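Input: a single structure, listed below in structure tokens.
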Amino acid sequence: TGGTGNGASSPRLGGGLYIESTPVTLVDMHITHNSVSGAGSQGGGIYMSGVLGPIAVGLESRLTIKGRTVIDDNSSTGDGGGIFLGTGATIRVIGKTRIERNHAGLQGGGIAVANNDPLKSATLFVGSERSRAAYDGRSS
Numbered sequence: 005t006g007g008t009g010n011g012a013s014s015p016r017l018g019g020g021l022y023i024e025s026t027p028v029t030l031v032d033m034h035i036t037h038n039s040v041s042g043a044g045s046q047g048g049g050i051y052m053s054g055v056l057g058p059i060a061v062g063l064e065s066r067l068t069i070k071g072r073t074v075i076d077d078n079s080s081t082g083d084g085g086g087i088f089l090g091t092g093a094t095i096r097v098i099g100k101t102r103i104e105r106n107h108a109g110l111q112g113g114g115i116a117v118a119n120n121d122p123l124k125s126a127t128l129f130v131g132s133e134r135s136r137a138a139y140d141g142r143s144s
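Just so you know, we're using my numbering here: the sequence shown kicks off at 5 and counts up by one.
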């Protein structure tokens with residue numbers, strides 16, 4: 005609850021936060037000015053892995069964002085400038101969250117989602133950019 009992930013850089017996954025196969029709730033966080041680059045880069049602000057296979061039974065990859073969380077000005081040379089969700093991961097947004105001014109070189113400036121549609125509720129997307137449309141992680 006509360007806090008900042010600001011100005012980090014990663015060579016591939018999760019510039020600000022890297023989350024693997026666990027439920028996570030962010031409340032009143034600022035995830036800003038983070039980046040990932042290089043081959044296969046995903047999740048400039050947040051990368052959340054999905055859950056695959058029998059070894060993952062009972063694990064959840066669920067991201068809940070509450071309050072006045074801001075995910076702003078993050079970038080990925082690949083997918084998911086603001087947030088990247090792996091296959092099977094879900095997201096729920098509650099409150100006055102803002103996902104804005106994020107940029108992806110490939111798909112999903114605000115949010116890129118791999119092979120599923122886990123968006124559970126609406127939020128405000130302002131000024132996020134993408135070179136190709138992708139909430140589902142595929143190009144149009």
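Even for Gly, the Cβ is constructed at its ideal location relative to N, Cα and C.
The structure presented is a predicted model; accordingly, all values stated were derived computationally and were not measured.
- Spanning the alpha carbons of GLY42 and LEU17 requires a straight line of approximately 9 Å.
- Only exposed fits GLY99, as fewer than 16 other CB atoms lie within 10 angstroms of its CB.
- Pairing THR94 with ALA116, the inter-Cα distance amounts to about 12 Å.
- Inter-residue distance for GLY109 and ILE50 is about 16 Å (C-alpha atoms, whole angstroms).
- The C-beta distance from ASN106 to GLY86 rounds to 4 Å, short enough to meet the 8 Å contact threshold.
- When the alpha-carbon of GLY19 is set against those of ASP76, ASN38, THR26, THR29, the nearest one is in ASN38.
- Residue nearest to GLY71 within the set HIS34, LEU21, PRO15 is HIS34 (criterion: CA-CA distance).
- In this model, ASP32 and THR68 are separated by some 12 Å (Cα to Cα).
- One Cα belongs to TYR22, the other to ARG66, and the distance between them is close to 13 Å.
- The criterion of a C-beta distance shorter than 8 Å is not satisfied by GLY90 and GLY48.
- Between THR29 and PRO15, the alpha-carbon positions lie close to 25 Å from each other.
- DSSP places HIS37 in the coil class of the three-state scheme, outside both helix and strand.
- For the set SER53, THR101, SER25, ARG96, the Cα lying nearest the Cα of ILE75 is the one of THR101.
- The Cβ neighbour count for THR26, taken over all protein chains shown within 10 Å, is under 16; the residue is labelled exposed.
- In this structure, GLY92 and ILE103 do not form a Cβ contact; the two beta carbons are roughly 21 Å apart against a cut-off of 8 Å.
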